[in-house]
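Chains as they are written, first to last, in numbering that gives the first Met the number 0: chain A, 0 to 94; chain B, 0 to 477. Idealized CB from N, CA, C, for every residue including glycine. Note that the coordinates shown come from a computational prediction; the quantities given were computed from them, not determined experimentally. Okay, so here's the structure we're looking at.
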Amino acid sequence: MNISKETVKYISNLARIELTEEEIEKFSLQLNDILRYIEQLKEIDITNISPTAHILPISNVKRSDEPRSSLKIDEVLKNAPQKEGLFFKVPKVIE
Amino acid sequence: MLNTKTAHELLDLISSGEVSYEDVLVDVKSQIKKTESKIKAYAHPPNNVESVSQGSLLKGIPIAIKDNICTKEYLTTCSSHILEGFNPPYDATVIERLKEKGALIFGKTNMDEFAFGSSCETSFYGPSRNPWDLDRVPGGSSGGSAAAVASDEAIWALGSDTGGSIRQPASLCGVVGLKPTYGRVSRYGLIAFASSLDQIGPITKDVYDTALLLNIIAGHDNRDSTSINIETEDYLKCLEKDIKGLKIAIPKEYFIKGLDKEVGDSIRETRSTLEKLGASFKEVSLPHTKYAVAVYYILATAEASSNLARFDGVQYGFRERNIDKKETGPMISMYKQSRGKGFGLEAKRRIILGTYVLSSGYYDAYYLRALKVRTLIKKDFDEVFKEFDCIITPTSPTPAFKIGERLENPLSMYLSDIYTISANLSGIPAISIPCGFTKGRLPIGLQILSAPFKERDLLRTAYTFEQNTDWHKAKPKI
């Protein structure tokens, strides 16, 4: 297993995080250390073992579909880095 | 010096009319003025208070809150640059409950950025320090909460625990910290790190306060679909000073290379104290213990990479203004550059690792395999709890380490949580209580674990030990 600098760059694009060259270099080395440590899981026999994503025996929790009050729009927008009227404002998406 | 007291001691004093909650606030503030420049426990220190609803139970007693729990009156930033200035429009469920009972929300405590760390050093605001030795870390990620309580800059506090983030700092600072059973306390308003592992819990000066606080925050909440709808109990009633007949297991896998000698000796001494008090002991095996850290760093980073996708510079927090458009277009460039500058190193490292283990071609090898080993780790505990009421272990393999010592080697930092992570993976409750000191006067913590929703067993054990020893009464000289 080897995480090359190219892999780190590829993953950082998937994660939408811009990394500096220095960070890419550093992460490539450190992630290799961590993955080498994680490799030890390969020694366990997991045939017929079911996965545990969640420890509680509850799933598909539903509630009745009734309207409830929500936050006021000015409260929702008060933390926005940029807003206009009733909207969050973002850089131009469509050319 | 009312700030040195526990919440239940203060409640008695206020009820009898000897002091008022204002007297308590004065003393807490004066302690903060005196020691906060050294400890740096707070990310957002207490505001001036104009009025308090001294409702029923808690009578205006102040509580410090970890900076990842949403509070209307205080910024909530997860000690991260990317949430700078975020002022939540709502309170977390635990905050609502505390207010209903008359608690005063009093300051937000420093933490590792997004709870990613075991030392409080990854905070955007800089590290908190251990009140017992200012050159050492308070532990993490709830290091600010533990340091505030240990230094009497807070009466008590809330933390959150994903892999040991309440218990390890409680251990390193010589206070009490409880991670409740997964599903016991609502996570609504807790900014998510790893949703299948996170729990909110108390950090206090004694076990009584932990039970008192758990009584308030525990219980079903229909805004958190993972909070379980079963009866809670009066945890104060679990505080019997008697453990005769209690069966306690000691797992041999926790007493291995890497365990500090003084910590090991202290736990063995604790065992003989508990034996004298009437508990019986047996060595057991939790055979998959050694895989817990590896499983955790796959699952926790995978969940984190998904949870932290919401920090994109659109709805709240930091946005990079001078966007270099490059080849990806203005919108995606804005995402990438805001996240690149807004997240600190450890957050980026974990998001990259989590994205990697979930990425196409690696999902089965890492994520799915880790979920299966998680099943085995949980089964180990199920087996032991068929026969035993509690398990005891050290909370941390070492006492508080030096600031900077593990920062450049992430794996060595991750191994700080080797004894605490399994409880999160299995969802079981676990508490850390003070059980000794090293020769260098650093606190040592005992971890007690019990079966899911059997907080009563670990509280009873913790309370009995505490009431027969004096470790929790020691105070640091700052």
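Query                                                                                                                                                           : Result
Would you please state the rounded distance, in angstroms, between the beta carbons of B:GLY182 and A:LEU55? I believe it to be under 8 Å.                      : 5 Å
Do the CB positions of B:ILE391 and B:ILE199 come within less than 8 Å of each other?                                                                           : no
Mind checking who B:PHE115 pairs with in its DSSP beta bridge?                                                                                                  : Answer by DSSP bridge pairing: none, since B:PHE115 is not bridged.
Assuming B:THR354 contacts A:LEU13 under a Cβ cut-off of 8 Å, what Cβ separation, rounded to an integer in Å, is found between them?                            : 5 Å
On a Cα-Cα basis, can you pick out the residue from B:ALA303, B:ARG459, B:GLY439 and B:ARG135 that is closest to B:LEU448?                                      : B:ARG459
DSSP on B:LYS100, reduced to helix/strand/coil?                                                                                                                 : coil
Here's the rule I'm using: 16 or more other beta-carbon atoms within 10 Å means buried, otherwise exposed. How should B:TYR362 be labelled?                     : exposed
Kindly indicate which residue of B:TYR334, B:TYR89 and B:PRO61 has the alpha-carbon position closest to the one of B:VAL48.                                     : B:PRO61
Between which two residues does the beta strand (DSSP E) holding B:CYS77 run?                                                                                   : Neither: B:CYS77 is in no beta strand (DSSP E) and is coded neither H nor E.
Do B:PRO398 and B:VAL174 come within 8 Å of each other at the CB atom, strictly closer than that value?                                                         : no
What does the alpha-carbon distance come out to for the pair B:THR437 and B:PRO396?                                                                             : 13 Å
Measure the C-alpha to C-alpha separation of B:ALA429 and B:GLU326 and round it to an integer number of angstroms.                                              : 50 Å
Taking 8 Å as the threshold (beta carbon to beta carbon), is B:VAL148 in contact with chain A?                                                                  : no
For B:GLN167 and A:SER49, I'd like the C-alpha separation in whole angstroms.                                                                                   : 30 Å
At 9 Å on the CB atoms, spell out the chain B contacts of A:SER11, in chain order.                                                                              : LYS335, GLY339, LYS347, ILE350, ILE351 and THR354
Since B:SER140 and B:GLY116 are thought to touch, with beta carbons under 8 Å apart, how far apart are those beta carbons, to the nearest angstrom?             : 5 Å
If the cut is a Cβ gap below 8 Å, which residues of chain A does B:LYS184 touch?                                                                                : According to the sequence displayed, residue 184 of chain B carries Val and not Lys. Here the premise fails: no neighbours, minimum Cβ distance about 13 Å.
Determine the contact status of B:GLY444 and B:PRO433, defining contact as a CB-CB distance below 8 Å.                                                          : yes
Could you tell me whether the Cβ atoms of A:GLU17 and B:LYS324 are closer together than 8 Å?                                                                    : no
Cβ closer than 8 Å: which chain A residues qualify as neighbours of B:LYS377?                                                                                   : THR51 and ILE54
For the pair the stretch 291 to 298 of chain B and the stretch 252 to 261 of chain B, tell me if three or more CB-CB distances fall below 8 Å.                  : no
In whole angstroms, what is the alpha-carbon distance linking B:HIS7 and B:VAL206?                                                                              : 11 Å
B:GLN314 versus chain A: which residues are under 9 Å apart at the beta carbon?                                                                                 : VAL75, LEU76, ASN78, ALA79, PRO80 and PHE87
Which residues in the same chain have their Cβ closer than 7 Å to the Cβ of B:GLY125, if we skip the five residues on either side of it in sequence?            : LYS39
Taking Cβ positions only, does B:TYR296 come closer than 8 Å to chain A?                                                                                        : yes
Closer than 8 Å by beta-carbon distance: list the chain B residues that pair up with A:LEU28, in chain order.                                                   : The premise fails here: A:LEU28 is roughly 10 Å from chain B at the closest Cβ pair, so nothing lies under 8 Å.
So is B:ALA193 buried or exposed if we call it buried at 16+ other beta carbons inside 10 Å?                                                                    : buried
Which residue's Cα is closest to the Cα of B:CYS77: B:PRO329, B:PHE310, B:LYS371 and B:ALA450?                                                                  : B:PHE310
Take B:HIS471 and list the residues in its own chain whose beta-carbon comes closer than 6 Å to its own, dropping the five residues that flank it on each side. : ASP205, PRO433 and GLU465
Taking the C-alpha atoms as reference points, what is the distance between B:ILE13 and B:ARG96?                                                                 : 21 Å
Express the C-alpha separation of B:LEU177 and B:ILE202 in angstroms, rounding to a whole number.                                                               : 7 Å
Is the distance from the Cβ of B:ALA303 to the Cβ of B:ARG348 below 8 Å?                                                                                        : no
B:GLY293 touches chain A at which residues, Cβ-Cβ below 7 Å?                                                                                                    : Correcting the residue type first, residue 293 of chain B is Ala in the shown sequence and not Gly. Within 7 Å Cβ-Cβ: TYR36, ILE37, GLN39 and LEU40.
Please name the residues in the stretch 85 to 99 of chain B whose beta-carbon is closer than 9 Å to at least one beta-carbon of chain A, in chain order.        : PHE85, ASN86, PRO87, PRO88 and TYR89
Whose C-alpha, out of B:VAL23, B:GLY163 and B:ASN467, is nearest the C-alpha of B:SER421?                                                                       : B:GLY163
Checking the sheet assignment: what are the DSSP bridge partners for B:PRO393?                                                                                  : B:LEU445
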